[in-house]
Amino acid sequence: MKKVAIIGGGISGLYIASLLRLNSNYEIIVYEKNNSVNLEKGYGIQLSVNSIKLLNKIGFQNINFKEKFFPNKVNFYSLKDKNKICDLDISAFNESEVKYTTLQRFILIDFLTNKLPSNLINFNKKVIDIQSVSKTTKVIFEDKSSIECDYLIISDGAFSKTRSLITDKEIKPKYFNSIAVRGNIDRKYLQNIDHNNISLFLGSNLHSVVYPVNHNGYFNFVTILRKDLNNEELADYSLFDSKEFISSALLEISKQVDNNIIENLIDIKCFPIFTSTEIFQPKNKNIYIIGDAFFSFPPTFAQGASQSIEVAHELYQNFENIDDQFNKERIKRTKMIDRKSRLNYFAFHLSNPLIIFVRNLLLRYLVKNNRFINSYLGKIYKN
Ligand SMILES: Cc1cc2nc3c(=O)[nH]c(=O)nc-3n(C[C@H](O)[C@H](O)[C@H](O)COP(=O)(O)OP(=O)(O)OC[C@H]3O[C@@H](n4cnc5c(N)ncnc54)[C@H](O)[C@@H]3O)c2cc1C
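This is how it looks when you write it as C-alpha cells:
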C-alpha cells in the first residue's frame, strides 16, 4: 500500500482525500496546521457547474436543499446612476442535478470533512521542512515529528510554505492592489434588488456582489476595492482586523454603495487579495501541487474554489500515470481563466463616464449573444 500525505485541510486537500480514499492501494493522511478545519461562519461561496459536477461524485447533491441556493441570473447594476444595466443567464449550463450554486463556505468544508473518517485528518501539523529520502519524501512538522510518504500532495493554500520548501526559494503570490470587504446581511435590508439571484454592482474602482447563500434570508456581501498598500502595511496582518482600517474601507465603499446595505452588514472582515504570477510545477514526480498553492486566481470570476476542485479531480484521474503533473491543456485553461478574471476586474472598475457608457452598451449586447456566452462562460463552465 502506497502512503499519500496531503498537506492542508482546505477545499482542495479534503476533496482529493475523499477521491483517493476510494482506491484501496493508497493510505491517505491529511496534515493540517490548525487545530480544526476552518468552519468559520459568514463566508459565502459561488460554485459553477464545472465543480458541482465533480462534487456530486462524492454526494454533494445530497446536502440539504435549504442550505444551498441556485441563482439563475447575475443582475448587473451601475452604482453611478443606480440603474440596472442588464442580466446574464448563468443557468444556461445547468443540468437537472448540476446547477450553479451559492452557499455558506462552512457548509462545503463541513460536507468535505464528514466524507472522511475522523482519524484521517491530523491537526496541529504545520510543515516546516521537506527532504527527499531515496524514493520517498520526508515531511517534518513544527512539533518535531516527521513522516515518510510515497506521494506528497501540497494543498496548503495561496501562501503555501510547502511549495517554497520543495524549491528552496520563496515563491510568493503578488498583491492584487485590491482588498476584499465581506459581510452578511439579512434579506429585509436589501431593498430594490432581486432576492433570487446574484447582484453585481459596478462602481468606480470597486465592485460589490450580493447573493443568497441559503433559503433562510441570509445573504453574502463582498466588495473588491482597489487599494494601494505598501510592503509594511501588507506585512502587518493585524492592520486588516483593526477597527480603523475596516471603518475607512467601509467609508470608501459607502460613497458609492447604498448606505442602507453598509449600515446593516454584520460579521465584517477585510483582507488583502493576493494572486499568482506564474504556474508552478514540482520537478519531483512524486510531489503534486493543487488548489490555491498551484494557482491563485483573482476573485472576479468566482473560480478559485471551483478550479481547486477541478485540479484536484484531474490529479486523482491521472494519479501515477503522468510524467508531468499537468498537461498543456491544464496550463492553457489556467491562463485563460486568469486572463478572463483580470479582464472582468478591469471592466467592473471603470471610472471614465464615456468608457462606462460604452461598456454598458457592450454588456447589454454581449449578455444576449449566445456565441459570446458559449465562449466566455461556456469554456469555463463546460469542462
Ligand atoms: C474575496 C474572495 C472571494 C472568493 N469567492 C470565491 C467564490 O465565490 N467561488 C470560488 O470558487 N472561489 C472563491 N474564492 C477562492 C477560494 O476561496 C479559494 O480558491 C479556495 O479556498 C482554495 O482552496 P485550497 O484548498 O487550495 O486552500 P485553502 O482553502 O486556503 O486551504 C489551505 C489549508 O492549508 C492549511 N495550511 C497552510 N499552511 C500549512 C502548513 N505549513 N502545514 C499544514 N497545513 C497548512 C491551512 O490552514 C488551510 O486549512 C474567493 C477568494 C477570495 C479572496
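So for the sequence shown, our numbering puts the first residue at 4; every next one is plus one.
Even for Gly, the Cβ is constructed at its ideal location relative to N, Cα and C.
Rounded Cβ spacing between residue i and residue j (contact assumed at less than 8 Å)
i      : j      : result
Phe391 : Ile312 : The structure shown does not extend to residue 391, since the chain is modelled only from 4 to 386, so the question has no answer here.
Ser158 : Ile9   : 6 Å
Glu35  : Ile143 : Contact doesn't hold; Cβ gap of about 16 Å is too wide.
Phe72  : Pro215 : 5 Å
Ala183 : Val225 : 6 Å
Asn1   : Gln107 : In the structure as shown, the chain starts at 4 and stops at 386, and residue 1 therefore has no counterpart that could be examined.
Gly12  : Gly160 : Their Cβ separation, rounded to whole angstroms, is 10 Å, which puts Gly12 and Gly160 out of contact at 8 Å.
When the options are compared against residue i, the one with the closest alpha-carbon
i      : options                        : result
Asp189 : Asp197, Gly220, His198, Asn208 : Gly220
Phe114 : Leu254, Glu70, Lys230, Gln259  : Glu70
Ile131 : Ile169, Thr139, Leu119, Pro356 : Ile169
Ser137 : Val361, Lys288, Phe300         : Lys288
Ala252 : Pro285, Lys230, Leu106         : Lys230
Ala315 : Phe300, Ile293, Phe304         : Ile293
Val77  : Asn180, Ser163, Lys5, Asn199   : Asn199
Lys44  : Tyr18, Lys335, Asp270          : Asp270
Val52  : Leu22, Phe243, Gln306          : Gln306
Asp244 : Arg185, Leu209, Phe224         : Arg185
Pro285 : Asn117, Leu242, Thr278, Ala296 : Ala296
Leu42  : Ile112, Pro301, Ala20, Leu237  : Ile112
Pro302 : Ile227, Asn65, Leu365          : Ile227
Lys385 : Phe349, Ser241, Ser309         : Ser309
Ile19  : Glu236, Lys343, Leu318         : Leu318
Proximity test, residue i beta-carbon vs ligand 1 heavy atom, cut-off 8 Å
i      : result
Pro176 : no
Asn59  : no
Ala183 : yes
Ala95  : no
Thr165 : yes
Val136 : no
Ile340 : no
Phe114 : no
Tyr319 : no
Tyr34  : yes
Bridge-paired residues (DSSP) for residue i
i      : result
Gln49  : Thr105
Asn125 : Tyr34
Val136 : Thr139
Ile10  : Tyr34, Ile157
Val40  : Answer by DSSP bridge pairing: none, since Val40 is not bridged.
Hey, which unbroken runs of the beta strand (DSSP E) at 3 residues or more fall wholly within the region 53-90?
76-81
Fully enclosed by the region 143-224, which beta strand (DSSP E) runs are 3 residues long or longer?
149-152, 154-157, 177-189, 201-205, 209-215
In chain order, each alpha helix (DSSP H) run of at least 4 residues that lies wholly inside the region 305-373:
307-321, 331-351, 356-369
Which parts of the region 228-283 are runs of the alpha helix (DSSP H), unbroken and 4 residues or longer, counting only runs that do not cross its ends?
Runs found: 234-238, 246-257, 262-266.
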